[in-house]
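Taking full-length UniProt numbering, the leading residue of the sequence shown gets 1, the next gets one more, and so forth.
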Amino acid sequence: MAQICSISEEVKLKACGQKFYHFFLTKMDVLNQMFPQNINCTYEFVEGNSFTHGTVIHWKYDFGGGLEESKVRLTVDEPNKSIAMECLEGDVLKEFQVFKVKVQVKDSDVVGVNSVKWCVEFVKANEDVAPPNNHLKCGIKVCKDLDAYLCNNSN
(Lines of atoms letter the chains of each structure in order from A and count residues from 1; the text may use other names and numbers.)
(Lines give C-alpha, C1' and ligand atoms only; values in the text may rest on other atoms or scores of the structure.)
Protein backbone atom coordinates (compact mmCIF):
# COMPACT_ATOMS: atom_id res chain seq x y z
CA MET A 1 0.00 0.00 0.00
CA ALA A 2 1.17 3.53 -0.75
CA GLN A 3 2.48 5.71 2.04
CA ILE A 4 0.28 8.45 3.47
CA CYS A 5 2.23 11.72 3.41
CA SER A 6 1.35 14.99 5.06
CA ILE A 7 2.38 18.60 4.96
CA SER A 8 1.30 21.04 7.62
CA GLU A 9 1.84 24.45 9.09
CA GLU A 10 0.72 25.98 12.35
CA VAL A 11 -0.10 29.66 12.71
CA LYS A 12 -0.28 31.50 16.03
CA LEU A 13 -3.54 33.37 16.44
CA LYS A 14 -3.99 36.81 17.94
CA ALA A 15 -7.76 36.29 18.00
CA CYS A 16 -9.58 33.99 20.41
CA GLY A 17 -9.25 30.39 19.21
CA GLN A 18 -12.92 29.59 19.92
CA LYS A 19 -14.03 32.66 17.96
CA PHE A 20 -11.79 31.68 15.03
CA TYR A 21 -13.11 28.10 14.99
CA HIS A 22 -16.75 29.19 15.23
CA PHE A 23 -16.35 31.74 12.43
CA PHE A 24 -14.49 29.28 10.20
CA LEU A 25 -17.15 26.59 10.73
CA THR A 26 -20.28 28.73 10.51
CA LYS A 27 -19.19 31.23 7.88
CA MET A 28 -17.04 29.09 5.60
CA ASP A 29 -19.33 30.13 2.77
CA VAL A 30 -18.23 33.78 2.90
CA LEU A 31 -14.46 33.28 3.18
CA ASN A 32 -14.01 33.53 -0.60
CA GLN A 33 -15.96 36.82 -0.61
CA MET A 34 -13.94 38.19 2.30
CA PHE A 35 -10.55 37.15 0.89
CA PRO A 36 -10.89 36.92 -2.92
CA GLN A 37 -7.14 37.56 -3.27
CA ASN A 38 -6.49 34.19 -1.60
CA ILE A 39 -9.33 31.94 -2.63
CA ASN A 40 -11.60 31.82 -5.64
CA CYS A 41 -14.34 29.23 -5.19
CA THR A 42 -17.98 28.33 -5.49
CA TYR A 43 -19.80 25.41 -3.93
CA GLU A 44 -23.09 23.58 -3.73
CA PHE A 45 -24.34 21.11 -1.16
CA VAL A 46 -24.74 17.57 -2.48
CA GLU A 47 -25.80 15.99 0.83
CA GLY A 48 -26.95 18.25 3.65
CA ASN A 49 -27.59 21.98 3.53
CA SER A 50 -25.00 23.52 5.85
CA PHE A 51 -21.36 23.13 6.84
CA THR A 52 -21.94 20.36 9.39
CA HIS A 53 -20.56 16.88 10.10
CA GLY A 54 -21.20 14.48 7.22
CA THR A 55 -22.16 17.11 4.66
CA VAL A 56 -20.98 16.45 1.10
CA ILE A 57 -20.05 19.55 -0.91
CA HIS A 58 -19.15 20.02 -4.57
CA TRP A 59 -16.45 22.72 -4.79
CA LYS A 60 -15.11 24.59 -7.81
CA TYR A 61 -11.93 26.44 -6.92
CA ASP A 62 -8.74 27.99 -8.21
CA PHE A 63 -5.76 28.22 -5.86
CA GLY A 64 -3.56 29.63 -8.60
CA GLY A 65 -3.15 26.54 -10.75
CA GLY A 66 -6.36 26.72 -12.76
CA LEU A 67 -9.98 25.80 -12.10
CA GLU A 68 -10.50 22.46 -10.35
CA GLU A 69 -13.53 20.63 -9.00
CA SER A 70 -13.85 18.27 -6.05
CA LYS A 71 -16.56 16.60 -4.06
CA VAL A 72 -15.66 16.49 -0.36
CA ARG A 73 -17.19 15.16 2.84
CA LEU A 74 -16.90 17.27 6.00
CA THR A 75 -15.96 15.73 9.31
CA VAL A 76 -16.50 18.09 12.23
CA ASP A 77 -15.03 17.30 15.65
CA GLU A 78 -16.41 19.99 17.97
CA PRO A 79 -14.57 18.92 21.17
CA ASN A 80 -11.21 19.06 19.37
CA LYS A 81 -12.16 22.12 17.28
CA SER A 82 -11.25 20.43 14.02
CA ILE A 83 -12.78 20.34 10.55
CA ALA A 84 -11.64 17.83 7.95
CA MET A 85 -12.50 17.80 4.25
CA GLU A 86 -11.92 14.43 2.58
CA CYS A 87 -11.96 14.36 -1.20
CA LEU A 88 -14.39 11.76 -2.54
CA GLU A 89 -13.97 12.56 -6.24
CA GLY A 90 -12.64 15.29 -8.48
CA ASP A 91 -9.61 16.75 -10.21
CA VAL A 92 -7.29 16.43 -7.23
CA LEU A 93 -7.69 12.64 -7.36
CA LYS A 94 -5.99 12.60 -10.76
CA GLU A 95 -2.72 13.20 -8.90
CA PHE A 96 -3.54 11.77 -5.48
CA GLN A 97 -5.15 8.50 -4.44
CA VAL A 98 -6.10 10.00 -1.08
CA PHE A 99 -6.53 13.70 -0.32
CA LYS A 100 -7.70 15.16 2.99
CA VAL A 101 -7.39 18.66 4.45
CA LYS A 102 -7.72 19.19 8.19
CA VAL A 103 -7.96 22.47 10.09
CA GLN A 104 -7.57 22.29 13.87
CA VAL A 105 -7.73 25.18 16.31
CA LYS A 106 -5.88 25.03 19.63
CA ASP A 107 -7.63 27.28 22.10
CA SER A 108 -6.30 28.58 25.40
CA ASP A 109 -7.18 31.24 27.93
CA VAL A 110 -3.57 32.41 27.73
CA VAL A 111 -3.03 35.26 25.26
CA GLY A 112 -0.76 34.30 22.38
CA VAL A 113 -1.14 30.54 22.88
CA ASN A 114 -4.04 30.06 20.45
CA SER A 115 -3.13 28.58 17.09
CA VAL A 116 -4.56 26.95 14.00
CA LYS A 117 -2.93 24.01 12.24
CA TRP A 118 -3.61 23.38 8.57
CA CYS A 119 -2.67 19.85 7.49
CA VAL A 120 -2.93 18.17 4.08
CA GLU A 121 -2.75 14.37 4.06
CA PHE A 122 -2.29 12.66 0.72
CA VAL A 123 -1.15 9.60 -1.16
CA LYS A 124 0.52 10.39 -4.48
CA ALA A 125 -0.80 8.60 -7.57
CA ASN A 126 2.86 8.23 -8.61
CA GLU A 127 6.26 9.45 -7.44
CA ASP A 128 6.42 12.23 -10.06
CA VAL A 129 3.55 14.12 -8.40
CA ALA A 130 4.62 17.17 -6.38
CA PRO A 131 3.23 17.70 -2.86
CA PRO A 132 0.05 19.85 -2.81
CA ASN A 133 1.81 22.94 -1.45
CA ASN A 134 -0.67 25.28 -3.18
CA HIS A 135 -3.52 23.91 -1.03
CA LEU A 136 -1.48 24.40 2.14
CA LYS A 137 -0.34 27.93 1.18
CA CYS A 138 -3.90 28.99 0.35
CA GLY A 139 -5.18 27.67 3.67
CA ILE A 140 -2.47 29.47 5.64
CA LYS A 141 -3.15 32.76 3.84
CA VAL A 142 -6.87 32.50 4.60
CA CYS A 143 -6.14 31.66 8.25
CA LYS A 144 -3.86 34.68 8.66
CA ASP A 145 -6.35 37.00 6.96
CA LEU A 146 -9.24 35.67 9.06
CA ASP A 147 -7.19 36.13 12.24
CA ALA A 148 -6.47 39.76 11.30
CA TYR A 149 -10.13 40.32 10.41
CA LEU A 150 -11.32 38.93 13.75
CA CYS A 151 -8.79 41.05 15.68
CA ASN A 152 -9.82 44.22 13.84
CA ASN A 153 -13.56 43.53 14.11
CA SER A 154 -13.91 42.20 17.65
CA ASN A 155 -17.05 43.23 19.44
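The C-beta atom is built at its ideal place from N, Cα and C for all residues, glycine as well.
Next on the checklist: With DSSP as the reference, identify every bridge partner of Ala84, one or two as the case may be.
Outcome noted: Answer is Thr75, Lys102.
Checklist entry - Quick one: what's got a C-beta closer than 8 Å to Ser115's C-beta in the same chain, skipping five residues either side? => result Same-chain partners within the cutoff: Glu10, Val11, Lys12, Leu13, Gly17, Val105, Lys106.
Next on the checklist: Let's see if you can read the secondary structure: which residues bound the beta strand (DSSP E) around Val138?
Outcome noted: According to the sequence provided, residue 138 is Cys. The question's Val does not apply to it. Here Cys138 belongs to no beta strand (DSSP E); instead the alpha helix (DSSP H) covers 133-152.
Checklist entry - Any idea if Phe51 is buried or exposed, counting beta-carbon neighbours within 10 angstroms, 16 or more meaning buried? => result The residue in question, Phe51, is buried, as its Cβ has 16 or more Cβ neighbours within 10 Å.
Next on the checklist: Using the Cβ count rule (16 or more neighbours within 10 Å means buried), how would you classify Phe45?
Outcome noted: Counting of Cβ neighbours within 10 angstroms places Phe45 among the exposed residues, the total staying below 16.
Checklist entry - Ends of the alpha helix (DSSP H) at Phe24? => result From DSSP, the alpha helix (DSSP H) with Phe24 extends over 17-26.
Checklist entry - Of the choices Asp91, Glu86, Met34, Tyr43, whose alpha-carbon is the least far from that of Ala148? => result Comparing alpha carbon positions, the residue from Asp91, Glu86, Met34, Tyr43 closest to Ala148 is Met34.
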